[in-house]
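Structure first, commentary second.
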Amino acid sequence: MKCNILIHPDPRLKKVCAPVADLTDELRTLADDMLETMYDAPGIGLAAPQIGVLDRLIVVDCVKEEGEAPRPLIMFNPEVIASSDETNVYEEGCLSIPDQYAEVTRPKVVDVTWMDENGNLQQETFDGLWATCVQHEIDHLNGKLFIDYLKPLKRQMITRKMQKLKRERARA
Ligand code: NI
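Next comes the structure, spelled out in structure tokens:
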């Protein structure tokens, strides 16, 4: 089932999310719904708070090449345990901040641990776009958005645009 994606500014996007203690069928269904919502958007990552659920859960799939098999990852309690000194700059966007993009600098390579949908602990090294995407989504679990990396003026400009968009959507 497709979910409604919250648009910034929203207090739920500023909250620190709670760790997932027990993997339930409800949470697995939620993760599947998030993947469906992400692919439909379309996007390459989605965090639970973006659909109003304040649990530490993200989904990502950064496979972009046409014809390449998709690689959906469901990550409960994802955590960056090591990051490279080398950084990467990507033009980031966010499904909660539609049509706004800005360059953000982050570590190029990160080691990440998480619990998968079967309750198994996973660890993987991510590079490039995958690394950026996973870091962006984990930020969401800590109430942080990519615009929080921008200069205040730019951030305020984007926030005002989003407030206008929300007013327009509410009227429609
Ligand atoms: Ni985002």
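Oh and the sequence shown: position 37 is 553 in my numbering, straight run, nothing missing.
Glycine residues also receive a C-beta, built at the ideal position from the N, C-alpha and C atoms.
The structure presented is a predicted model; accordingly, all values stated were derived computationally and were not measured.
Alpha carbon of residue i to alpha carbon of residue j, nearest angstrom
i	j	result
N634	L669	44 Å
T553	V575	10 Å
A647	T641	8 Å
L570	P527	11 Å
P586	G559	13 Å
R572	A563	8 Å
T617	M631	Before going further, note that residue 617 is Tyr rather than Thr in the sequence given. Straight-line Cα distance between these residues: approximately 30 Å.
L637	L539	12 Å
V536	A598	21 Å
I523	L551	18 Å
Q672	E584	38 Å
Minimum C-alpha distance to residue i - residue among the options
i	options	result
L645	I674, E542 and Y606	Y606
T675	L661, A686 and A688	L661
G620	R572, A598, P565 and C610	The residue you asked about is not Gly; residue 620 is Val in the sequence shown. Of the listed residues, the one whose Cα sits closest to V620 is C610.
Q639	I613, F592, I523 and H652	F592
M678	P558, R587, C519 and P614	P614
I567	D632, G583 and L657	L657
I663	V536, P525 and R685	P525
Y665	N636, R622 and C649	R622
Q651	R671, E602 and P594	P594
D643	E602, I654, E608 and Y617	E602
S612	A557, I590, N604 and A598	A557
T545	M517, E653, E608 and N604	M517
Limits of the unbroken beta strand (DSSP E) element including residue i
i	result
M591	L589 to S599
A563	G561 to A563
L522	From DSSP, L522 is part of no beta strand (DSSP E); its letter is neither H nor E.
E582	Unbroken run through E582: none, as it is neither H nor E.
D643	L637 to D643
Enclosing alpha helix (DSSP H) for residue i [first to last residue]
i	result
Y617	Unbroken run through Y617 is the beta strand (DSSP E), I613 to P623; no alpha helix (DSSP H).
D548	D541 to D556
V536	Premise fails: V536 is in no alpha helix (DSSP H) and is neither H nor E.
Q672	P668 to R687
G609	Premise fails: G609 lies in the beta strand (DSSP E), T603 to C610, not in any alpha helix (DSSP H).
Residue i and residue j closer than 7 Å at C-beta
i	j	result
V596	V628	yes
C519	D549	yes
L529	P565	yes
I590	A547	yes
G561	E684	no
Residue i beta carbon near the ligand HEM (any heavy atom closer than 6 Å)
i	result
C610	The model on display carries the ligand NI but not the ligand HEM.
Minimum Cβ-Cβ distance from residue i to chain D less than 7 Å
i	result
P668	Protein chains in the displayed structure number just one, and chain D is not present.
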